[in-house]
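Note that the protein sequences, when read in sequence, are chains X and V.
Numbering follows this note's numbering, in which position 226 of the first sequence is assigned residue number 226; successive positions increment by one, without gaps.
Numbering follows this note's numbering, in which position 200 of the second sequence is assigned residue number 437; successive positions increment by one, without gaps.
Notes for the one structure printed next.
There are 2 protein chains.
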Amino acid sequence: MTTPRRIYRLSQAIHQRQEDIIIALDHIHDQHNLSAVIRTADAAGFGKVLWVPDFKVPNELNPEVSRGAERWVDLKVVKDLKAELKQLKEKGFKIAATHMARRAVDFRSIDWTQPWVVVFGNEHRGCEDAIAEMADENIFLPMLGFVQSLNISVAAAVTLYEIQRQRQEKGMYDKTASKEQVERLYKEWELDKNKIDINELYTRKTGDIPDMEEDYQDGRVNLKYLQKKLEAAGLSL
Amino acid sequence: MTTPRRIYRLSQAIHQRQEDIIIALDHIHDQHNLSAVIRTADAAGFGKVLWVPDFKVPNELNPEVSRGAERWVDLKVVKDLKAELKQLKEKGFKIAATHMARRAVDFRSIDWTQPWVVVFGNEHRGCEDAIAEMADENIFLPMLGFVQSLNISVAAAVTLYEIQRQRQEKGMYDKTASKEQVERLYKEWELDKNKIDINELYTRKTGDIPDMEEDYQDGRVNLKYLQKKLEAAGLSL
């Protein structure tokens, strides 16, 4: 059964999701890396990952690594990344590819508060040349030691948390998500099912039927009412 | 054979090493995580890792993940981390443990330009309570999604690159290392052997014997002379 804490977290996560950051994995073949990136994306508040598989698509991700994050992140398997990126460019996204080209800039010099697709390349070959060329920016992470590359899941984590840092500083995690986004995520995440769970719980504890109309207010979760219901049910967040 | 580029990188890495940041891994049992942390530590410029193994110590690290970084990072297997940390405290280090306690603060609120030991806990159990309690600070990474924890190698990478960011902003990677540090790292990294390689190369190409006295200047690698020699040998960095 869904716990109150879980529901509370979900309703928070919905509003914190940064829909204008998309992660693209260009021919990643290590399932461990894929799972780790999905988990980090969820943690940093990014809900969309495009993935061009390098070999065959596995039936499921490594649950030990992803910790179930794939339920909350929209993973789209893509065949033609170039075409996909072109479409996203037309929608106003800029493309940053982690690629060690002459024109590459320090990843921290980018203004990540804008809409970006961030592309990470294959574990050995890096990004495809065509992708690096069509990207608005090529980026690199400063490396001050002897090893000249970072693990993909590490490079992605450092980059995603730099994006998170810049957006947190600008208060971008505090804003309310659009009604459309809330409703879509509710559906995707099967929150309606969770809502029934908590109401059942309430009814079982109090004998009353909760006012389900009040669960939403202006298209977002009514946290105050949720809390009131939980308290009435003898539960706390 | 050691390439000129490799030697150049080594001499840079020596001076960029931040000796007053130590990473401690409290009962890490996944070799993949250990190797990834060592590789990230090297990349961010940190040369010391303490490790309390959770099970038996493997004979060697996963070379696919560490990419040979263990040669450049001083990995010390520790039995009694508490005693080790006590000693480091006496030497002026402060201790930060990644631990979800009530007193935990956002990892970015710490002044990482000071000498710190950063402790990461076990994959499942986190840090030992005794370690978290003796730490000057408990720290956490902001998590805005649904998954409530990050992979250890990811959490470490994000933290180490925050330390790197703060130190880079303060110009701490530009300063010259002490003569003692240079000499010790030269020895540890067997740079003397590399030096012979490059001189052999020079001699083979030019027929001359290089002036090996000029290789060092004030206890650090004489990059200008190195470059001159390389150019004479028909090589470029």
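Just so you know, even glycine gets a beta-carbon here, dropped at the ideal spot from N, CA and C.
Predicted, not measured: the structure shown is a model, and the values here were computed from it.
- Contact fails between the segment 125-141 of chain X and the segment 246-258 of chain V, because fewer than three Cβ pairs, one in each stretch, are under 8 Å apart.
- Proximity of residue 362 of chain V to chain X, defined by a Cβ-Cβ separation below 8 Å, is not satisfied.
- Shown here, residue 260 of chain V sits in a strand according to DSSP, grouped into three states.
- Neighbours of residue 98 of chain X across chain V, judged by C-beta separation under 7 Å, do not exist; the nearest C-beta is about 14 Å away.
- Apart from sequence neighbours up to five positions away, the residues of its chain that approach residue 164 of chain X with a beta-carbon distance below 6 Å are 44, ordered along the chain.
- In this structure, the beta-carbon distance from residue 404 of chain V to residue 410 of chain V falls below 8 Å.
- Minimum Cα-Cα distance from residue 384 of chain V among the listed residues X:101, X:98, X:143 and X:72 corresponds to X:72.
- In this structure, residue 344 of chain V places its C-beta atom within 8 Å of the C-beta atom of residue 376 of chain V.
- Beta-bridge annotation (DSSP): residue 78 of chain X is not paired with any residue.
- What residue 206 of chain X touches in chain V, judged by beta-carbon distance under 9 Å, is nothing: the nearest beta carbon there is about 28 Å away.
- For residue 392 of chain V, the uninterrupted alpha helix (DSSP H) segment begins and ends at 389-406.
- The three-state reading of DSSP puts residue 97 of chain X in strand, counting E and B together.
- Distance from residue 264 of chain V to residue 286 of chain V at the Cβ level is roughly 14 Å; contact not present, criterion being Cβ atoms closer than 8 Å.
- Under the three-state reduction of DSSP, residue 378 of chain V is assigned to coil, being neither helix nor strand.
- Following the DSSP letters along the chain, one finds residue 286 of chain V inside the beta strand (DSSP E) bounded by residues 285-290.
- With respect to the 8 Å criterion, residue 29 of chain X and residue 123 of chain X are classified as neighbours on the basis of their beta carbons.
- At a cut-off of 8 Å between C-beta atoms, residue 402 of chain V counts as an interface residue with respect to chain X.
- The C-beta of residue 357 of chain V comes no closer than 8 Å to any C-beta of chain X.
- Along the segment 42-54 of chain X, going in chain order, the ones with a CB nearer than 7 Å to a CB of chain V are 42, 43, 44 and 45.
- Ranked by Cα distance from residue 98 of chain X, the first of X:156, X:87, X:88 and X:39 is X:156.
- Sixteen is the threshold: since fewer than 16 other Cβ atoms of the shown chains lie within 10 Å of the Cβ of residue 206 of chain X, the residue is exposed.
- Residue 353 of chain V is outside the set of residues whose beta carbon lies under 8 Å from a beta carbon in chain X.
- In the three-state DSSP reduction, residue 106 of chain X falls in the strand class (E or B).
- In the three-state reduction of the DSSP assignment, residue 356 of chain V falls in the strand class.
- For residue 390 of chain V, the chain X residues whose Cβ falls inside 9 Å of its Cβ are 36, 151, 153, 154 and 157, in order along the chain.
- Between residue 273 of chain V and the set V:389, V:420, V:416 and V:424, the nearest pair of CA atoms involves V:389.
- If you draw a 10 Å sphere on the C-beta of residue 408 of chain V, you find fewer than 16 other C-beta atoms in it, and that means exposed.
- Beta-bridge partners assigned by DSSP to residue 265 of chain V: V:290.
- A buried status is given to residue 24 of chain X, since no fewer than 16 other beta-carbon atoms sit within 10 Å of its beta-carbon.
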